[in-house]
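Start counting the sequence shown at 1; every next residue gets the next number (the UniProt record's numbering). Below you'll find the structure, written out as structure tokens, and then a few comments.
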Amino acid sequence: MTATTTPLGSLLEPTTLAGLPLNTRFVMAPMTRFRSPGGVPTPEVAAYYRRRADNGIGLVISEGVLVGHPSAGHETSVPRMTAGPAESGWRRVTDEVHAVGGRIAAQLWHLGSARQPVDGIPAWTPSGVPGNSHAMTLADVDVLLAAYAEAAGVAVRAGFDAVEIHAAHGYLLDEFLWPYTNRRTDRFGGSPAGRAAFPAEVIRAVRTAVPAEMPVIVRLSQFKERDYAARIAESPAELAVILDAFAAAGADVLHASQRNVADPAFPGSPRNLAGWAKHLTGLPSITVGSIGLTRDFLGSPALRNLLQRLDAGEFDLVALGRILLGNPAWVTLAAAGRLDEIHDYRKADEDTYF
Ligand SMILES: Cc1cc2nc3c(=O)[nH]c(=O)nc-3n(C[C@H](O)[C@H](O)[C@H](O)COP(=O)(O)O)c2cc1C
Numbered sequence: 001m002t003a004t005t006t007p008l009g010s011l012l013e014p015t016t017l018a019g020l021p022l023n024t025r026f027v028m029a030p031m032t033r034f035r036s037p038g039g040v041p042t043p044e045v046a047a048y049y050r051r052r053a054d055n056g057i058g059l060v061i062s063e064g065v066l067v068g069h070p071s072a073g074h075e076t077s078v079p080r081m082t083a084g085p086a087e088s089g090w091r092r093v094t095d096e097v098h099a100v101g102g103r104i105a106a107q108l109w110h111l112g113s114a115r116q117p118v119d120g121i122p123a124w125t126p127s128g129v130p131g132n133s134h135a136m137t138l139a140d141v142d143v144l145l146a147a148y149a150e151a152a153g154v155a156v157r158a159g160f161d162a163v164e165i166h167a168a169h170g171y172l173l174d175e176f177l178w179p180y181t182n183r184r185t186d187r188f189g190g191s192p193a194g195r196a197a198f199p200a201e202v203i204r205a206v207r208t209a210v211p212a213e214m215p216v217i218v219r220l221s222q223f224k225e226r227d228y229a230a231r232i233a234e235s236p237a238e239l240a241v242i243l244d245a246f247a248a249a250g251a252d253v254l255h256a257s258q259r260n261v262a263d264p265a266f267p268g269s270p271r272n273l274a275g276w277a278k279h280l281t282g283l284p285s286i287t288v289g290s291i292g293l294t295r296d297f298l299g300s301p302a303l304r305n306l307l308q309r310l311d312a313g314e315f316d317l318v319a320l321g322r323i324l325l326g327n328p329a330w331v332t333l334a335a336a337g338r339l340d341e342i343h344d345y346r347k348a349d350e351d352t353y354f
């Protein structure tokens, strides 16, 4: 590779995502950073997102932001999407990102069973899990639909360009999708359609709370943080049932989380989960997973393969996670061939914040 040719091809081209113009096809993946004391993003948080938006990231997706119900999370340094100081903190974040021509989505999060039972509040889950957890009633369903709608409204007021609903990785909405944690016998359990019903109602509630032109993104995964082999869909046909419910509820974009972008989602096809999500629904999709973690990725067959698949329309946008923690200007440097200024991802980057 030489400094005279960009290895990033069409990733650097502008595009439009569900009507939202983006400067490039790079997305910053949502990453929890615990830097918002009392749930309020600080000026440091705004500078952190601005730096990525100013360096080739077309769409920043915020870290998971707790919806405003006490069951959503227990960590006090995880940001919240609530009126008052948190909303003002987010307004500063979106202003900073917009000042450099970037776009930013808010990821709305409820931890489900991962919430620790502090303050006398148990974890809310679809069916209860051993220990201190609460199986959600139908009244609780309505409470959380209102909480998601309220949070989406705050995100709109705070200036976000899009909202992403976190339905991945084993948190509340994914616990509804996963048969292992969803043992309900009412209309929110059972078949893939039943398991998708509560996440779909959340999508509908958010869709209703935001302007018609604002993209609603849904993040999903097969794997769970506590079980990498877990699956919400055993076949493309099952996945289609779930994603059709999401699309019917108003999802505009599907963000399919995988640990490695190159992993096929189902046997018999190289298509990954983002590829299947787009193929089955016709909706644009975002892919992610172990992209660019080492410098030799630039100029590698892995990058060429990714570009071929992007150009063939398997998926539309490409998210970077961990590599951006220690290399906020990764896209700028990679595009310019300034490889000696890039360093490989290392775990210690998760302790830095700039
Ligand atoms: C420190 C850290 C925090 C994360 N927090 C979130 C989160 O809040 N929401 C989410 O959907 N994914 C979260 N993820 C997953 C990332 O969005 C991404 O999918 C994952 O890191 C894989 O991409 P990568 O290989 O490019 O890092 C987190 C990952 C890391 C490393």
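Just so you know, even glycine gets a beta-carbon here, dropped at the ideal spot from N, CA and C. Source: prediction; values computed, not measured.
What residue does the beta strand (DSSP E) around Gln116 start on, and which one ends it?
-> No beta strand (DSSP E) contains Gln116, which DSSP labels as neither H nor E.
contact_flag[the region 28-41, the region 55-66] where n(CB pairs < 8 Å) is 3 or more = Cβ pair count under 8 Å is three or more, so yes.
So who's on the other strand from Ser77, going by DSSP bridges?
-> Bridge partners of Ser77: none, in fact.
Going by DSSP, what residues sit across from Gly190 in a beta bridge?
-> Secondary-structure assignment with DSSP links Gly190 through no beta bridge to anything.
Boundaries (first-last residue) of the alpha helix (DSSP H) holding Trp124 | Membership of Trp124 in any alpha helix (DSSP H) is not indicated; the residue belongs instead to the beta strand (DSSP E) covering Ala123 to Thr125.
Could you please give the first and the last residue of the uninterrupted beta strand (DSSP E) stretch that includes Thr287?
-> Here the beta strand (DSSP E) through Thr287 covers Ser285 to Val288.
Is Ile217 closer than 8 Å to Gly250 when the C-beta atoms are compared?
-> No, they are not a contact pair.
Ignore the nearest five residues each way along the sequence and tell me which others in His74's own chain have a CB closer than 6 Å to its CB.
-> Arg115, Gln116 and Val118.
Note the first and the last residue of the continuous alpha helix (DSSP H) segment covering Thr332.
-> Trp330 to Ala335 is the span of the alpha helix (DSSP H), which, as asked, contains Thr332.
What does Ser221 pair with, by DSSP beta-bridge criteria?
-> Bridge partners of Ser221: Ser257.
Sequence-distant residues of the same chain with beta carbon closer than 7 Å to Pro270, five excluded per side = These residues qualify, in order along the chain: Pro264.
For Ala335, I'd like the list of residues in its chain whose CB is within less than 7 Å of its CB, leaving aside the five on either flank, ordered along the chain.
-> Annotation for Ala335: Thr6, Leu8, Leu12 and Gly56 place their beta carbon closer than 7 Å to its own, counting only its chain and skipping 5 residues before and after.
Buried or exposed for Val331, please, with buried defined as at least 16 other CB atoms from any protein chain shown within 10 angstroms of its CB.
-> Counting the other Cβ atoms within 10 Å of the Cβ of Val331 gives 16 or more, which makes it buried.
Return helix, strand or coil for Leu8, following the three-state DSSP convention.
-> Leu8 falls in the coil class under three-state DSSP.
Proximity test, Val216 beta-carbon vs ligand 1 heavy atom, cut-off 7 Å = For Val216, the distance from the CB to the nearest heavy atom of ligand 1 is not below 7 Å.
Have a look at Ala237, Ala329 and Phe176 and flag the residue whose alpha-carbon is nearest the alpha-carbon of His166.
-> With distances taken between Cα atoms, His166 lies closest to Phe176.
Determine the extent of the alpha helix (DSSP H) in which Ile242 is found, giving its start and end residues.
-> It spans Pro236 to Ala249 - the alpha helix (DSSP H) in which Ile242 sits, taken as one unbroken run.
What are the boundary residues of the alpha helix (DSSP H) that Ala155 is part of?
-> From DSSP, the alpha helix (DSSP H) with Ala155 extends over Leu138 to Arg157.
Of the listed residues Phe160, Arg231, Arg92 and Pro199, nearest to Ala47 (C-alpha basis) = A check of alpha carbon separations from Ala47 across Phe160, Arg231, Arg92 and Pro199 identifies Arg92 as the nearest.
Whole-angstrom Cβ separation of Phe26 and Leu320, contact assumed at under 8 Å?
-> About 6 Å; that satisfies the 8 Å criterion.
Are the CB atoms of Pro126 and Arg184 nearer to each other than 8 Å?
-> Contact flag set, yes.
Going by CA-CA distance only, name the one from Leu243, Thr15 and Ser235 that's closest to Pro267.
-> With distances taken between CA atoms, Pro267 lies nearest to Ser235 out of Leu243, Thr15 and Ser235.
The beta strand (DSSP E) spanning Trp318 covers which residue range?
-> In the sequence under discussion, the amino acid at residue 318 is Val, which differs from the Trp named in the question. Residues Leu317 to Leu320.
Inside the region 35-102 only - beta strand (DSSP E) runs reaching at least 3 residues | Complete beta strand (DSSP E) runs here, min 3: 59-66.
Could you give the distance in angstroms between the alpha-carbon of Lys224 and the alpha-carbon of Ala230?
-> Our two residues, Lys224 and Ala230, have alpha carbons roughly 6 Å apart in a direct line.
Cut-off 7 Å between Cβ atoms - residues of its own chain near Glu341, not counting five sequence neighbours on either side = Within the same chain, Glu341 has close Cβ partners Leu333.
Cβ atoms of Pro192 and Val241: under 8 Å apart, would you say?
-> It is a contact, given that the beta carbons lie within the stated cut-off.
Per DSSP, Ile165 forms a beta bridge with which residues?
-> Answer by DSSP bridge pairing, in chain order: Leu108 and Val218.
Nearest to Tyr353 by CA position, among Thr42, Tyr180 and Asn23, is which residue?
-> Ranking the options by Cα distance to Tyr353, first place goes to Thr42.
How would you write the range of the alpha helix (DSSP H) that Pro21 sits in, first residue to last?
-> Segment Leu20 to Leu22 is the beta strand (DSSP E) holding Pro21; no alpha helix (DSSP H) there.
Give me the Cβ distance between Gly68 and Ala149, rounded to the nearest whole Å; I'm assuming they're in contact under 8 Å.
-> Not confirmed; about 10 Å, so no contact.
Below 7 Å CB to CB, which residues in the same chain sit around Leu303 once its five sequence neighbours on both sides are set aside?
-> Answer for Leu303: Pro7 and Phe297, listed in chain order.
Which residues does DSSP pair with Ser133 in a beta bridge?
-> Paired residues: Ala123.
Any chance the CB of Glu350 is under 7 Å from a heavy atom of ligand 1?
-> The answer is yes for Glu350.
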